[in-house]
Structure formats: structure tokens, C-alpha cells
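Trainee:
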Amino acid sequence: GNSVTQMEGPVTLSEEAFLTINCTYTATGYPSLFWYVQYPGEGLQLLLKATKADDKGSNKGFEATYRKETTSFHLEKGSVQVSDSAVYFCALSDPLTGNQFYFGTGTSLTVIP
Amino acid sequence: DAEITQSPRHKITETGRQVTLACHQTWNHNNMFWYRQDLGHGLRLIHYSYGVQDTNKGEVSDGYSVSRSNTEDLPLTLESAASSQTSVYFCASSERTSATQFFGPGTRLTVL
Chain A
1 GNSVTQMEGP VTLSEEAFLT INCTYTATGY PSLFWYVQYP GEGLQLLLKA TKADDKGSNK
61 GFEATYRKET TSFHLEKGSV QVSDSAVYFC ALSDPLTGNQ FYFGTGTSLT VIP
Chain B
1001 DAEITQSPRH KITETGRQVT LACHQTWNHN NMFWYRQDLG HGLRLIHYSY GVQDTNKGEV
1061 SDGYSVSRSN TEDLPLTLES AASSQTSVYF CASSERTSAT QFFGPGTRLT VL
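Residue numbers (the numbering used here), protein chains in the order written: chain A, 1 to 113; chain B, 1001 to 1112.
#1: Just checking: is the beta-carbon of Ser-1087 (chain B) within a distance shorter than 9 Å of some beta-carbon in chain A?
#2: Let me see if you follow: with CB-CB separation under 9 Å, is Phe-34 (chain A) close to chain B or not?
#3: Closer than 8 Å by beta-carbon distance: list the chain B residues that pair up with Lys-56 (chain A), in chain order.
#4: Using a beta-carbon distance cut-off of less than 9 Å, what residues from the segment 59-88 of chain A approach chain E?
#5: With H, G and I counted as helix, E and B as strand and the rest as coil, what does DSSP make of Thr-97 (chain A)?
#6: Under a three-way DSSP split, which group does Asp-1073 (chain B) fall into?
#7: When Cβ atoms are compared, which residues of the segment 1097-1110 of chain B fall closer than 7 Å to chain A?
#8: Determine the direct distance from the alpha carbon of Pro-95 (chain A) to that of Asn-22 (chain A), and round the result to whole angstroms.
#9: Beta-carbon within less than 6 Å of Met-7 (chain A)'s beta-carbon, same chain only, minus the 5 sequence neighbours each way: which residues are those?
#10: List, in chain order, every chain B residue whose beta-carbon is nearer than 8 Å to that of Leu-48 (chain A).
#11: To the nearest angstrom, report how far apart Thr-1071 (chain B) and Ser-14 (chain A) are at their CA atoms.
#12: Thr-12 (chain A) CB to nearest chain B CB: under 9 Å?
Next comes the structure, spelled out in C-alpha cells:
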């Protein structure tokens, strides 16, 4: 079956620190992979995505590379800001199941000045 | 600009009452989804629809129903609200051939 496992939180970092949030997946087919971000009191917003192996998604300084050999899609940012404080969700979409989404449990990030 | 809206944003109800949460999208997307978000569980799929008159059960569909009479709307009904249904509910939509889902702002439901 399909599933996503992501790093347990919460994560607390100082401003300008390096961020990594680990995400690994299990899928029956060839999924697309996503990172969504949820700011307090808001819905989920697409942060970045990758649709095939070795693709790198990037947005707002965040990056993630689709690694088929390790079934991973780790989120990274070189220098976090206070405004990056949010909950981050890793997800996969499996075309074999009509593009249904499977979400990780979310990782809460707090960046302190 | 196209968007997806949910109403109400907050709702308090009593056990046993019927509750309907609205979801409206102006993206003209064929696919629409309802999720609930609970601490420690992430988002779990309740129901989804791939077009008008099409509805399907998700992972946690017991106690919920949906209907799709037009492209824009997918209301979620709790037939007889239970305290276990206290949660934050998100609606999402996507194009038929695209995997990316766009989310509404959410409805916080409290069942007393």
C-alpha cells in the first residue's frame, strides 16, 4: 500500500540555521511527491513538488529531491527565517489510485530569532 | 482569482445533530476531496468525488456523507454528530489530470 513517514516534531531552530525534515514513502506505483506548508489558522499551501525520480522541487529557498533508490523526499532549506515557522506535510499522490493523496503526520517547525 | 472556500469557519454543535459543512471552488476542477485533520494523524481522507454525481468513500468515511450535484460544490454532512468527529475539516480540489490539490482554509468543528 501507500504511506508516508516523516520526521517527528516539533523542531526548533535558530534563525539562519539549516533545516532538514526527513520524509520517506512506500508506494505501489510511480507517485508524485509533495511538500505542503500550513501556517497557523490556515489551510495547506503547496510548497513544492516533484513528479518523477531525480526531479528537484524548489520554492522560497526550500528544496527536495525525489530519490527513488532510497524512497525519500527530504525537505531542506539553507537558512531558515522566523516566517518559516509552520507545520510541514509530506505527501504522495499515486496515479494508480486516482491520484489520491497520502499524507505524513506533519512536522511542526518553530524558528526563534 | 479562482479559489476554494469553506463555510462556516467555526461551528459548535451538539451530539446527535445533523451538520453540513460547505465547500465551494471556482477552479472548475473535476476532483474534490474532504479531509479531517487530527493531532498525530495528519490528514485523513473522508470522501472524494471525480465529477458530478460521482462520490467515493475514503479512509474514514463512517458517519459522513457527500453529494455532488454540480462541479463547484461538495458539501459534507455529518448525519448524527459524535464527539469523535470534533476536528478540523479541509476541502481540496484538483484538475482531472493533475495530481496537485488546492486546499480551502478549513472548518473547525466542535461536537459537545
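Backbone N, C-alpha and C fix where the C-beta goes; we use that ideal spot for every residue, glycine too.
Mentor: This is what the structure holds:
#1: no
#2: yes
#3: Result: empty, since nearest Cβ-Cβ is about 17 Å, beyond 8 Å.
#4: No chain E appears in this structure, whose protein chains are A and B.
#5: Per DSSP, reduced to three states, the secondary structure at Thr-97 (chain A) is helical.
#6: strand
#7: Ala-1099, Thr-1100, Gln-1101, Phe-1103, Gly-1104, Pro-1105, Gly-1106
#8: 23 Å
#9: Ile-21, Asn-22, Thr-107
#10: For Leu-48 (chain A), there are no neighbours in chain B by C-beta distance under 8 Å, as the nearest C-beta there is about 11 Å away.
#11: 45 Å
#12: no
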